[in-house]
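Numbering (the numbering used here), first residue to last: 8 to 181. Here a beta-carbon is modelled for each residue, glycine too, at the ideal position from N, C-alpha and C. On a predicted model such as this, the values are computed, not experimentally measured, just so you know.
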């Protein structure tokens, strides 16, 4: 696992953050599964923005992500998805999962990388099955093998918790 703080220069990051948190940014509501919703009557879903999937940019916003993609040394992109979770009274943890889907073999999944980029600082976190927790700190990137099960949470101290998930094949390490 690799964690990089101040991943983007401040000017680039602030432009990206402003665009994503703008009132005109296009978010789509996705209900949560019953097992998550049972944990909180005030938490029943999240908002998502699918920027890239199945080898195709899904939004004009995709070009705004190029500074990140260039730093990640991406050779093949699988998916880029933004998640926005509204504040809850208590932190609600999602279910452990991988981003690559159940139809991909573990051996194939080992060749893929998942990265989570944090848009805003808050008391939510990303947790791994090992128990390790990564704090939500704006302009932080965490990169890990796509086989690692992880989960996100809501936050209680800001209006929203916003992250961008990247799933990709990286250039071979030298």
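Rounded C-alpha distance that separates residue i from residue j
{"i": "residue 143", "j": "residue 132", "result": "5 Å"}
{"i": "residue 58", "j": "residue 135", "result": "24 Å"}
{"i": "residue 116", "j": "residue 172", "result": "16 Å"}
{"i": "residue 180", "j": "residue 77", "result": "15 Å"}
{"i": "residue 177", "j": "residue 67", "result": "23 Å"}
{"i": "residue 64", "j": "residue 70", "result": "9 Å"}
Host alpha helix (DSSP H) of residue i (start-end)
{"i": "residue 19", "result": "17 to 27"}
{"i": "residue 126", "result": "From DSSP, residue 126 is part of no alpha helix (DSSP H); its letter is neither H nor E."}
{"i": "residue 78", "result": "73 to 79"}
Beta-bridge partners of residue i, as assigned by DSSP
{"i": "residue 52", "result": "38"}
{"i": "residue 86", "result": "60, 174"}
{"i": "residue 140", "result": "134"}
{"i": "residue 120", "result": "152, 175"}
{"i": "residue 100", "result": "160"}
{"i": "residue 93", "result": "167"}
The beta strand (DSSP E) enclosing residue i, as first and last residue numbers
{"i": "residue 7", "result": "Residue 7 cannot be examined here, being either before or after the span of the chain that is shown, 8 to 181."}
Do three or more CB pairs link the region 52 to 63 to the region 109 to 129 at distances below 8 Å?
No, the region 52 to 63 is not in contact with the region 109 to 129.
I'd like the ranges of any beta strand (DSSP E) spanning at least 3 consecutive residues and lying wholly in the region 143 to 178.
For the region 143 to 178, the continuous beta strand (DSSP E) assignments of 3+ residues that do not extend past its boundaries occur at 147 to 152, 157 to 159, 167 to 177, in sequence order.
Per the contact definition of three or more C-beta pairs closer than 8 Å, is the region 77 to 87 in contact with the region 160 to 167?
They do not touch, by the three-pair rule.
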